[in-house]
Each structure stands twice: as structure tokens, then as C-alpha cells.
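Sequence lines, in order, name chains A and B.
Going by my numbering, the residue at position 29 of the first sequence is 32; the numbering climbs one at a time, nothing skipped.
Going by my numbering, the residue at position 92 of the second sequence is 897; the numbering climbs one at a time, nothing skipped.
Note that beta-carbon positions come from the ideal geometry of N, C-alpha and C, so glycine has one too.
Predicted model, so just to flag it, every value in this text is computed and none were measured.
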Amino acid sequence: MAAAALPASAADPEAGRRKSGPCAGCHGPDGNATTPGMPSLAGQPTMYTHWQLIKFRDGRRKDPQMTPFAEKLGDEDMADLAAFYAAQPARARTAGVDRTKIDDGKRIAEFYHCTSCHRAQLTGHEQIPRLAGQDLGYLVKLIRGFKDKTASDLDGTMTMAAQPLRDEDILALAHYIASLSP
Amino acid sequence: MPFRFAAHVLVVALVLAAWAVQVVAQQPAAAPPPWKQGQPAEMANSPLAPVAQPPAPKPASEIPLNKIKVPAGFKVELWASGINNARVMIWGDKGTLFVSSRVAGNVYAIVDKGGQRELKTIAKGLNLPNGIAFKGGTLYIAEVHRITKMEGIEDKLDSPPEMKVVYDTLPKDLPHGWKYLAFGPDGKLYFNIGAPCNICLPPDTHANISRVNPDGTGFEYWAHGVRNSVGFDWHPVSKELYFATHARDWLGEEVPSDRLDVAPKKGLHFGFPFCHQGDILDPEFGKGRSCAEFAAPLLKTGPHIAGNGVMFYTGSMFPAEYKNRIFLGQRGSWNKTQKIGYRLATVTLRPGDVPKYESFAEGWLDNNQPWGRPNYTVQMKDGSILLSDDYAGAIYRISYSR
Chain A
4 MAAAALPASA
14 ADPEAGRRKS
24 GPCAGCHGPD
34 GNATTPGMPS
44 LAGQPTMYTH
54 WQLIKFRDGR
64 RKDPQMTPFA
74 EKLGDEDMAD
84 LAAFYAAQPA
94 RARTAGVDRT
104 KIDDGKRIAE
114 FYHCTSCHRA
124 QLTGHEQIPR
134 LAGQDLGYLV
144 KLIRGFKDKT
154 ASDLDGTMTM
164 AAQPLRDEDI
174 LALAHYIASL
184 SP
Chain B
806 MPFRFAAHVL
816 VVALVLAAWA
826 VQVVAQQPAA
836 APPPWKQGQP
846 AEMANSPLAP
856 VAQPPAPKPA
866 SEIPLNKIKV
876 PAGFKVELWA
886 SGINNARVMI
896 WGDKGTLFVS
906 SRVAGNVYAI
916 VDKGGQRELK
926 TIAKGLNLPN
936 GIAFKGGTLY
946 IAEVHRITKM
956 EGIEDKLDSP
966 PEMKVVYDTL
976 PKDLPHGWKY
986 LAFGPDGKLY
996 FNIGAPCNIC
1006 LPPDTHANIS
1016 RVNPDGTGFE
1026 YWAHGVRNSV
1036 GFDWHPVSKE
1046 LYFATHARDW
1056 LGEEVPSDRL
1066 DVAPKKGLHF
1076 GFPFCHQGDI
1086 LDPEFGKGRS
1096 CAEFAAPLLK
1106 TGPHIAGNGV
1116 MFYTGSMFPA
1126 EYKNRIFLGQ
1136 RGSWNKTQKI
1146 GYRLATVTLR
1156 PGDVPKYESF
1166 AEGWLDNNQP
1176 WGRPNYTVQM
1186 KDGSILLSDD
1196 YAGAIYRISY
1206 SR
């Protein structure tokens, strides 16, 4: 069999915890980030985190801080890290949330069918991320990236979904999403 | 004065904000994500959704080969594993197997060194690069928006040459934007431009099979009304084009059937979006139309079964009755409660009679849960076949001995 391409064996969350040291500075020791702008990884579906790490390593998702870390990860490391973060309870990230924007954001989320893929409480599943309770600044940056076609997504679904959004829609949406419990 | 001015601005802002909210509230609903488009309102809470692609291939030790059932005399072995999202396979002149992927964005090369197979990633970060073809030392790659080529690639697997654009006057729509790519017997490159939706009246530029010269000149449409065909081949004798098509979703558990078709001449229309499976008018786009206007399917292959690879068998290893039989990889349904497909089927053409349609290899579905999704086949020199599995990231070899 191909020696150059040994795939990951079954993911090990405990191994993931041991390997997560370099991630903790930004994402928190248990994947609950506290720095504004940094995404929380706790409680994200395993498949989602694993796909993102692959995309960072392949250069399809670019970030000056993440790329150098991801380039060093093997397939097994990615599977272990994704399993570890999926198993951590997520905490809310309500810092900066403007509650006056929440109603508009909720309407926009319904109008644009966010729940079709991200599920009713925006908790995500499989390759689709949990949005509920994510960091406000990160959400704004990512949705703007999809709108600008600079944030890579797996099959284009988010890039298409973001096209009709005006910047005030993006802001309202992000305030609403960040206000939800994870 | 400053205060009054600020208050005035505030009033205007409030009025504008109220207006914006009203506009949102009064508009008809925005377009749903492509996979949900065309879903009737009464099915809004359906749990059916596309099967998620795993981020990593299955380790060889976790691939349950013994679950795959083939006819007596045939044998299945794991030929290669660890190939993320393995899709179309094509041989180079010097024995390299090139393998495409879709959402993984990679193109791979597998070099067989005396039974030791080495996997190299020769391109990454591409836009759903499903289509690959090879001719005269050059590998052609079809992404959503362009067809490119790598010249002399087999001598440069460790430092692949630049991807030169062959043709890029293509729509950029992502739904059904990924392509199958193959050289026809006329030396032209054939590929699909799928419908940019589940169900819609597509622009004239979409829902077809097209062809272009390998130097990028002479683009033309070959077949129309083809929702999305990501697998085709030409009959070894008649040289006619046979292709598989995925039919629309959300019309029912048992309809419409996917189809296998033949397009012996340019310009035929195969019905999308007006008529499905040759005999069902679309509830919205079929109004005032008749299925008699369109080419009828050669074979209804089953609802949502997702036929991908189409390959005429021309080898001599398999029993004589397999000669010129079609191998049809069926990646399997998602828009159906009881899943079907997840198998390799065969179609035997019988002039003057309906084709004979049989399951050949199955077992990738376990209690309605897939562990693998068979896709495309390619023949080996000895007449055995390789079968790709994009879900498990594996390639199987199927051989025969009496």
C-alpha cells in the first residue's frame, strides 16, 4: 500500500488534548477562546474542524497565524485535534453583542435559510459548523470573507449564500448568532 | 442647533431602519441552499440531506472488503487507500494512474513500483477538479471554470509543470459546476456543463454536454436538456456517446428515475427541466410541454441512484459476455429515505430490445448507512478493473479467474 499516504487511524481525543498545546494560546486550553476575534473550537463537529485543518494545510483557507501551524500537522494529528475539540463543552461568547440588533439578525437568518444547513439553533452538524455563541468579530470577518469570495468553503454553498447580504445584514446576523447559546 | 440636527438624523435613521426591516419582511423568501432548492413546502422539515463527505480517507484496516459482494469467479481487493476523495482515474502512457477528487481539490498520481504504490499529490487547491483526461503525454484537468493541461507530466511528477489554460469561457456556477472530461473518438474533449440548480429553467449555456478541440478552439454544444452528467463513454464499435444523468430531487421517494442515454448525433434534447425520466412532466416547468418532444431514456436506472462513471468493458480477462458491457458506478442516493445505489452495476445493450440492467458489486451500504461510495472505473492492462470510492478514499481492483 502507498507508504507516502498513511491515513489517520481512528481519532483519539486524548491524544488531541496532548497535541493541542500550541493551539491553546489563541483558542483556549479547552477550545473556548476568550480573545476577541478568535474563534472557539469547543463543541465544533469533528468533521468541520478536521476539514478546516486540511484546508489550511492545502492553502485553500489562508490565515497568517493558522497556516504555519496547519502545515506541520499530519492527518492523524488533525483527526485527534478535531475529536478533542468536539468533545469540549462550548461556552457562550457574548462580548460585544448589541442586543438591539438581535431581532433584525434573527429575521435575516430565517429569510436566508441559515437553519437549512446549520440546523434550527445554528448548532451545526458533520461538516457544517456550530455558529451559535461564536465570537462576534470572527463571525463578521468570516461572513464578509464569503461575501468577498475570499473565504474558501467546501463546495461554494456559503459563498453563494453570502452574496445578497448587505454589510448591515452581516452585522445584524453576527450579533444575533453570537447571542445564541452554543 | 447641533442637538436638533442630531435628532433629525436619528429620526431619518430610524425611519430607514424600519423601512429596511419591512423590505426584508415583505420580500418573498430568499433562495435556499442549492440542495434544498425545489423542496415542496410540506417537506420543509424533511431530515433528508446530502451525505457529508468525510474529511479524511479511511485507513486500510477500516475498509471492510469482505462486505463487497461480486458474482462467482470475481475477486475484490484493495488496490490503494489513503486517497482523499478519489474520483476519476485515467492512465498515463507510462503507467501512471492519475486520480481526481472533487471537494478535496486535489489531483493525484499513483506510481506502481513492483507492487509498492506511491501516491503523489500533483495539484491542490483546485476548484472541484473532478474531470481528468490524458493524451499524448499531456494531462487535462477540468475544474468548474476552466480546463487546463500539464504537458509532459509523467516525467515531472515531483515538480509538476504549470497548468496552462486550454479553455476558460465557462460558467462559474458551483451547483453542478464540476465536470467529467474525456476524449471522444473524434479527438475532441467532451465535458458537461450542469444545471446551476436542482430544478430551474437553466440559461442556454447550461444543462448540456459540450465539446472543444484540445487547443481550445471550436467549442460547441453536443447534447441539451442534460441536468448533470458526470460520466460518459463511447461504444467501442458504434462510437456513439453513452452517458449517465442525475435527475432532479424533491419530487418523491421513487421518482424521477436517473437515466442512461445515448446521443448518437449532435443537438438532441434530453428533457430537463421540462420532462423527467422520459414520461413525467415537471410540475412547474412541464406546463404546456410534452415528453414526446424530447429524446427518451435508453434506461431508467432508479430514483436518486446517482450514476457516475460509465465505462464500456473491452478487456479479455472477464467472461466473454462482459465484452462491450457498460460498467456504471452508482454513488448512491441521499434524497430518499431507503437509500439505493452504493454499488457498481452493469448494463448490457441488446439491439432491438431493452438493455439488461444488473447489480455487479454491492455492499457499501450497511443498514442504510454508507461506508463507501463507488464512483468511477478504469481498465487495467490485464483486463481487470479499478473502481474508485470517494467516501472511503480508496481504489479497489476487481479481477476474474475461472
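On the CB-based measure, 16 or more other CB atoms within 10 Å of its CB, does residue i come out buried or exposed?
i	result
A1068/B	buried
T38/A	exposed
A885/B	buried
E79/A	buried
G910/B	buried
R20/A	buried
P48/A	buried
L944/B	buried
G920/B	exposed
L870/B	exposed
R1178/B	buried
Q844/B	buried
V1159/B	exposed
G1057/B	exposed
P1008/B	exposed
A45/A	buried
Residue i touches chain B at which residues, Cβ-Cβ below 7 Å?
i	result
I173/A	Simply none; closest approach about 13 Å.
A164/A	P838
T153/A	Simply none; closest approach about 14 Å.
S119/A	P837, P838 and K841
When DSSP labels each residue in this structure, what does residue i get in the three-state scheme?
i	result
E1058/B	coil
E74/A	helix
P1041/B	coil
A1068/B	strand
G19/A	helix
R922/B	strand
L84/A	helix
M1122/B	coil
K1161/B	strand
E1098/B	helix
C120/A	helix
S1034/B	coil
I952/B	strand
D1063/B	strand
F1048/B	strand
P1179/B	strand
K969/B	strand
L986/B	strand
I1004/B	coil
K977/B	coil
A13/A	coil
L1073/B	strand
Q137/A	coil
Using 8 Å as the cut-off, classify the Cβ of residue i as near or not near the heavy atoms of the ligand GDP, replying yes or no.
i	result
L933/B	The model on display carries no ligand, and the ligand GDP is accordingly not part of it.
Identify every residue that forms a DSSP beta bridge with residue i.
i	result
I1131/B	F1117/B and V1152/B
I937/B	I946/B
G1112/B	Q1135/B
N1013/B	I998/B and H1029/B
H128/A	I131/A
M894/B	V904/B
Q1174/B	D1171/B
E882/B	R1202/B
C1080/B	L1086/B
D917/B	R922/B
A909/B	Answer is none; A909/B lacks a bridge partner.
G1107/B	D1063/B
D1194/B	P1179/B and A1199/B
Q1184/B	I1190/B
K874/B	E1167/B
A1219/B	Residue 1219/B is absent from the structure shown; chain B starts at 806 and stops at 1207.
I want to verify the contact list: residues of chain A whose CB lies under 8 Å from the CB of residue i, in sequence order.
i	result
Q858/B	Q130 and L157
Would you mind telling me which residues of chain B sit closer than 8 Å to residue i, beta carbon to beta carbon, in chain order?
i	result
G62/A	K929 and G930
P32/A	The contacting residues do not exist; P32/A stays about 24 Å from chain B at best.
In chain A, which residues lie with their C-beta within 7 Å of the C-beta of residue i?
i	result
V908/B	L157 and D158
Which residues of chain B have a Cβ atom closer than 9 Å to the Cβ of residue i, listed in chain order?
i	result
P167/A	A835 and A836
M50/A	A857, Q858, P859 and P860
Would you say residue i faces chain C, with C-beta separation under 9 Å as the test?
i	result
N1172/B	The displayed structure is made up of protein chains A and B, and chain C is not among them.
Identify each residue in the stretch 962–986 of chain B for which the Cβ-Cβ distance to at least one residue of chain A is less than 7 Å, and report them in chain order.
L979
Residues of the stretch 885–898 of chain B with Cβ closer than 9 Å to any Cβ of chain A, in chain order:
A885, S886, G887, I888 and N889
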